[in-house]
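J.: Residue numbers (the numbering used here): 1 to 270. Even for Gly, the Cβ is constructed at its ideal location relative to N, Cα and C. In this text the structure is predicted, and so the values were computed from the model without any measurement.
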DNA sequence: CGGCATGTTGCGCA
DNA sequence: TTGCGCAACATGCC
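1. Using 8 angstroms as the threshold, is the C-beta distance between residue 58 and residue 169 below it?
2. Give the single residue among 105, 64, 66 whose Cα lies nearest to the Cα of residue 83.
3. Let me check one thing: in DSSP terms, what residues is residue 247 bridge-paired to?
4. Label residue 227 either buried or exposed according to how many other C-beta atoms from any shown protein chain fall within 10 Å of its C-beta, with 16 as the threshold for buried.
5. Should residue 256 go down as buried or exposed, given a rule of 16 or more other Cβ atoms within 10 Å for buried?
6. Tell me, to the nearest whole angstrom, how far the beta carbon of residue 28 is from that of residue 34; I am working on the premise that it is less than 8 angstroms.
7. Run through the stretch 96-144 for me and flag every whole alpha helix (DSSP H) of 4 or more residues, listed as ranges in chain order.
8. Return the first residue and the last residue of the beta strand (DSSP E) that residue 50 is part of.
9. Quick check on residue 98: buried or exposed, where buried means 16 or more other Cβ atoms within 10 Å of its Cβ?
10. Give every residue of the same chain whose Cβ lies closer than 6 angstroms to the Cβ of residue 145, excluding the five residues on either side of it in the sequence, and list them in chain order.
11. Tell me the rounded alpha-carbon separation between residue 134 and residue 40.
12. Give the secondary structure of residue 70 by DSSP, where H, G and I count as helix, E and B as strand, and everything else as coil.
13. Between residue 110 and residue 14, what straight-line distance do the alpha-carbon atoms span, to the nearest angstrom?
14. Determine the direct distance from the alpha carbon of residue 262 to that of residue 181, and round the result to whole angstroms.
15. In whole angstroms, give me the CA-to-CA distance for residue 142 and residue 76.
16. On the criterion of 16 or more Cβ atoms from any shown chain inside 10 Å, does residue 17 qualify as buried, or is it exposed?
17. Which of helix, strand or coil does DSSP assign to residue 234?
18. Give the DSSP-derived three-state secondary structure of residue 242 in the structure shown.
19. Comparing alpha-carbon positions, which option in 186, 194, 114, 112 lies nearest residue 260?
20. Hey, quick one: how far does the beta strand (DSSP E) through residue 91 stretch, first residue to last?
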């Protein structure tokens, strides 16, 4: 489920489902997902309230309640929200439930998350995970000047910097891998070795991939896009230059790239 | 059975 | 204070 396009689709669903709705009951028992808040705070904060807005920054979602309360939701690796009939049986891997009424119609939202890498907590103030996020790839776009500075400052591999949520919020492993391939930049390149024009190319690559993914999801709903250029295709041929695709681990994440057409900017010599 | 997975955190150590 | 490398988290799927 993760990656910005999935979270954005979830935001649109939630917006359609709950904005203006009054919550009649809510529950979670998962202390892990609601950390550091207590699971009880969830029911307490939501019951009797109505939802005024559904916001998203990067991969985080925030429901704004009519009393100023906020519910933060991060889908982690396997989280998702589904809408079911009121009273529907507990879904497999269901971790939280929000029963609500909108225009006289009762319904239930369920948060489902097999691996429980997500988060779901009700609080009164914005959490640091939210406020620390950099500009949102979709809503704010990338300011090439600032992006370029952030890349130049980093000694890490460019892919790790691009995935840093403080630099650009919403870029995950797929977007970063695909975006760098489009930009023709080797993901191992060190940030401070990039040359003028690279930052713009990467920004454009990320925007392209995101827009494409969003369109895919609008058309097909969920399910994994099988249309990746290189992600998950190590060993296959590069769709641009037919070189065999390579794979390395950067920042603990598998990264696929093409030796043939992605230029490796090497760090300044020591 | 082993290996990998769309994300993040926390810990030991430089 | 910053950053790096890595194990950990919990489960599904191939």
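T.: With the given structure in hand:
1. yes
2. 105
3. 256
4. exposed
5. buried
6. 6 angstroms
7. 128-131
8. No beta strand (DSSP E) holds residue 50; DSSP gives it neither H nor E.
9. buried
10. none
11. 31 angstroms
12. strand
13. 11 angstroms
14. 7 angstroms
15. 23 angstroms
16. buried
17. coil
18. coil
19. 186
20. It is not in any beta strand (DSSP E) - residue 91 carries neither H nor E in the DSSP assignment.
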